[in-house]
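Beneath this line is the structure, given in structure tokens, with notes to follow.
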Amino acid sequence: MTDPLIPELVETEVEVPERNPHLVPWITVGAIAVVAIVVSILLVTFGRAESIAPTADPKPSTSETTSPSPSTTPSETPTPTETPKTDDVPAVTMGPSQRLAIEPWGVQAQLSNKFGSSQYSIDAQQNLVLTSPLIEKLPESCAAMRKQFGITKGTDGKYVVLRPGEKCAEAPELYDEIWGQLAETVKTIKPL
């Protein structure tokens, strides 16, 4: 006896759709693409972490502010006694840095990110001349100085900051920042 409210179970054959063999290559390509994306994300992440990692500095860096030099009016011309050349490197904080490989010299250094995207050229006198957005910020009156900042390799193998002989009168703070950052870079030079 069958209840009219309960449907009878009828043995019916359920059709199972056949798998299309033409989809196998697409599934394979999709799986490979997912793996490639994951691997590239990991490589980029590790690459950035390596280039952004702050350098280990054995001594804590301190930031000292230098007192601004007395301002002069545009009609005044500075005399040599107003801007004496000193060999006291301005104190700066390097902050985050990037690796600068100097392959012709077989060394590398840490260059502050404040320089931005930098390039260099090495002349016959073993002067590495640095070009960067930070250096390009020097005013037009100091435009000649833009090609005078970098690092010099001495005959004794020691590295020193390459800088113009006189300070930029219009932007002494920027001049000191560039000089101080290059001095910090020289301290980090080590073999490749």
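FYI, in this note's numbering the residues of the sequence shown are 13 to 204.
C-beta atoms are modelled at their ideal positions from N, C-alpha and C, and glycine is treated no differently.
Is it buried or exposed for residue i, if we count other Cβ within 10 angstroms and need 16 for buried?
{"i": "THR105", "result": "exposed"}
{"i": "GLN137", "result": "exposed"}
{"i": "ALA121", "result": "buried"}
{"i": "THR78", "result": "For THR78, the predicted model reports a pLDDT of 44, less than 50, meaning its position is unreliable; a value from the coordinates is still stated below. THR78 is exposed by the Cβ-count criterion."}
{"i": "THR57", "result": "exposed"}
{"i": "GLU196", "result": "buried"}
{"i": "SER153", "result": "exposed"}
{"i": "LYS179", "result": "buried"}
{"i": "GLY42", "result": "exposed"}
{"i": "THR85", "result": "For THR85, the predicted model reports a pLDDT of 46, less than 50, meaning its position is unreliable and no value from the coordinates is stated."}
{"i": "GLY192", "result": "buried"}
With residue i as the anchor, note down where its beta strand (DSSP E) starts and where it stops.
{"i": "LYS165", "result": "162-165"}
{"i": "LEU112", "result": "109-114"}
{"i": "LEU146", "result": "Note, LEU146: premise wrong, no beta strand (DSSP E); alpha helix (DSSP H) at 145-148."}
Quick test of your reading: residue i and residue j, contact by CB under 8 Å. State the CB separation rounded to the nearest angstrom.
{"i": "SER130", "j": "THR143", "result": "7 Å"}
{"i": "ALA181", "j": "LEU150", "result": "So it is not a contact: roughly 11 Å between Cβ atoms."}
{"i": "LYS165", "j": "TRP117", "result": "6 Å"}
So residue i is in the alpha helix (DSSP H); what residue range does that whole segment cover?
{"i": "ALA195", "result": "184-199"}
Determine the closest residue to residue i out of the options, with distance taken between C-alpha atoms.
{"i": "LEU186", "options": "THR167, GLY166 and ALA155", "result": "ALA155"}
{"i": "LYS126", "options": "LEU140, GLY107, VAL119 and ASP135", "result": "GLY107"}
{"i": "GLY59", "options": "TRP191, THR40 and GLN110", "result": "GLN110"}
{"i": "ARG158", "options": "GLY169, TYR132 and LEU55", "result": "TYR132"}
{"i": "LEU112", "options": "VAL101, GLY162 and VAL50", "result": "GLY162"}
{"i": "VAL101", "options": "ARG31, LYS202, GLY128 and LEU174", "result": "LEU174"}
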